[in-house]
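Asker:
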Amino acid sequence: MIKKQLLPLGLALVFFACKKDTKVNDPLLGKWYYARSVIYSGKDGKVLKQTEGDACEKKTYYEFLSGGVLNNEGYAQIGAKCESTGFGLDHYKYDASAKKMIAWFEENGADHPTYNEPVHSIAATQLELQWNQKDADGDGVADLYVNVYVK
């Protein structure tokens, strides 16, 4: 009698214990809010300038979803009001080994790139996207212009 009870219990235990874990551990996925802009020295990586976003700008976000879907919305102070500058539904590819991000939107069957730049850094709660590279301090070396986003 006990053997008959243990067999189904054992099979259930094996079935559920061996279930494949499908949780994806991708630090990029999620909603990232704009925090600040930073200029890093191209010579030694030190911070040359940092500009904190205002309360309105900090509503701007990128939301990276699985399957390469990217939602984004910008905000700016227009007169006395903080207003959305537009919502976009884009696509993205992130090459983690090359630290390169490509984003685009589709229209009339054609891809239109919106971003094709290096990812300066990515961690669990901070994402730094490079958006320009030019000499900011006059030393003849191109410096990195980065926007910082936080979860």
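Residue numbers (the UniProt record's numbering): 1 to 151. For every residue, glycine included, the Cβ atom is placed at its ideal position computed from N, Cα and C. Since the structure is predicted, the reported quantities are computational estimates derived from the model, not experimental observations.
(1) Could you tell me the alpha carbon to alpha carbon distance between residue 122 and residue 136, rounded to whole angstroms?
(2) Short of 6 Å in beta carbon distance, which residues of its chain neighbour residue 107, apart from the five on each side in sequence? Order them along the chain.
(3) Among 74, 63, 118, which residue has its Cα nearest to the Cα of residue 98?
(4) How is residue 59 classed by DSSP in three states: helix, strand or coil?
(5) Using the rule of at least 16 other Cβ atoms within 10 Å of the residue's Cβ for burial, across every protein chain shown, is residue 116 buried or exposed?
(6) Report the rounded CA-to-CA distance for residue 34 versus residue 139, giving the unit in angstroms.
(7) What residue from 124, 77, 41 has the CA that sits closest to residue 85's CA?
(8) From the DSSP output, in three-state form, read off residue 163 for me.
(9) Among the candidates 142, 51, 54, 66, whose CA atom is the shortest distance from the CA of residue 25?
(10) Do residue 48 and residue 37 have their beta-carbon atoms positioned less than 9 Å apart in this structure?
Answerer: According to the structure data:
(1) 24 Å
(2) none
(3) 118
(4) helix
(5) exposed
(6) 29 Å
(7) 77
(8) Because the chain in this structure spans residues 1 to 151, residue 163 falls outside the shown range and cannot be described.
(9) 66
(10) no
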